[in-house]
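Down below is the structure, laid out as structure tokens.
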Amino acid sequence: MIRLARGATGFRAPHEAPLPRTEAALFRAACFTAAMEARGRAGEMIPSEMQTFRHATLTDGYGRAFTALGHAHLPVVAFTTDAVSEGKPVPGFADPPLWAQAFETAGLRVMGVKELMTPLEEVDVTDLSPAELTEIRYWKPSCLGDVLFNWWD
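In structure tokens form, the structure reads like this:
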């Protein structure tokens, strides 16, 4: 069973300790390294101001585009091949391309579609705070990926 760590939803109560943070510079550097390995390029990194993740579009040497999603609070990365629109759910997850190993080398765990689509009923949420559990009950995400990469307000 997958166990979610505190900070997975991006929420905390005012009296709780601050959530852990992953360094934006680490994600940015991994994006550029991955783009070099893919003989492609990395687009601008969009910060995690209103969502639980930052993201950047990476294009490989064949012109295929992937958007890398880096969680703001946990050291995990996911991918999509569709454009990410502000305020909307991630349009679907994609298995990581071969060059995603650059993220692992940087210390970020790369997640695949099968894991991201794990039904929430099969996820251990015992480490989440009451505030996070309240948000999950309110937003009713269906899978692990929807909890981790969200625009909830």
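In this note's numbering, the protein residues as written are 1 to 153.
The C-beta atom is built at its ideal place from N, Cα and C for all residues, glycine as well.
The structure presented is a predicted model; accordingly, all values stated were derived computationally and were not measured.
Subject >> Whole-Å CB distance - Gly10 paired with Ala72, under 8 Å assumed >> reply: In this structure, Gly10 and Ala72 form a Cβ contact; the two beta carbons are roughly 7 Å apart against a cut-off of 8 Å.
Subject >> Distance CB(Asp95)-CB(Gly112) smaller than 9 Å >> reply: With respect to Gly112, Asp95 sits close: the two C-beta atoms are nearer than 9 Å.
**OP:** Over the uninterrupted alpha helix (DSSP H) stretch that includes Ala34, give me the two end residues.
**Re:** Here the alpha helix (DSSP H) through Ala34 covers 24-37.
Subject >> Straight-line gap, Glu86 to Met1 (C-alpha atoms, nearest Å) >> reply: Whole-angstrom Cα-Cα distance: 31 Å.
Original post:
Can you find a heavy atom of the ligand COA that lies under 8 Å from the Cβ of Gly107?
Top reply: Within the structure as shown, the ligand COA is missing, as the structure has no ligands at all.
Subject >> Cutoff 6 Å; reference Glu132; Cβ partners in own chain excluding five residues on either side >> reply: Contacts found: Thr9, Phe11.
Original post:
Where in the region 41-74 do unbroken runs of the beta strand (DSSP E), each at least 3 residues long, occur, reported from the N-terminal end onward?
Top reply: You should have 53-59, 65-71.
**OP:** Count the other C-beta atoms from every protein chain shown that fall within 10 angstroms of the C-beta of Ala13, then say buried if there are 16 or more, exposed otherwise.
**Re:** Residue environment: Ala13 is assigned as exposed (fewer than 16 neighbouring CB atoms within 10 Å of its CB, all protein chains considered).
Original post:
Applying the criterion that 16 or more other CB atoms from any shown protein chain within 10 Å of the CB defines a buried residue, is Glu16 buried or exposed?
Top reply: That one is exposed.
Subject >> Alpha-carbon to alpha-carbon, Ala34 and Asp153 >> reply: Asp153 and Ala34: Cα-Cα distance of roughly 31 Å.
Subject >> Cβ neighbours of Ser176 in the same chain (closer than 8 Å, five flanking residues each side left out) >> reply: Outside the modelled stretch of the chain, which goes from 1 to 153, sits residue 176, for which no answer is possible.
**OP:** Identify, in the order they occur along the chain, each residue of the same chain with its Cβ nearer than 7 Å to the Cβ of Ala42, setting aside the five sequence neighbours on each side.
**Re:** Around Ala42, the same chain offers Cys31, Phe32, Ala35, Ala56, Leu58 as residues with beta carbons nearer than 7 Å, after the five sequence neighbours per side are excluded.
Subject >> Residues of its chain near Glu37, where Cβ-Cβ distance is below 6 Å and the 5 sequence neighbours each way are ignored >> reply: Cβ-Cβ distances below 6 Å link Glu37 to Trp99, Ala102 in the same chain, with the five nearest sequence neighbours on each side left out; the list follows chain order.
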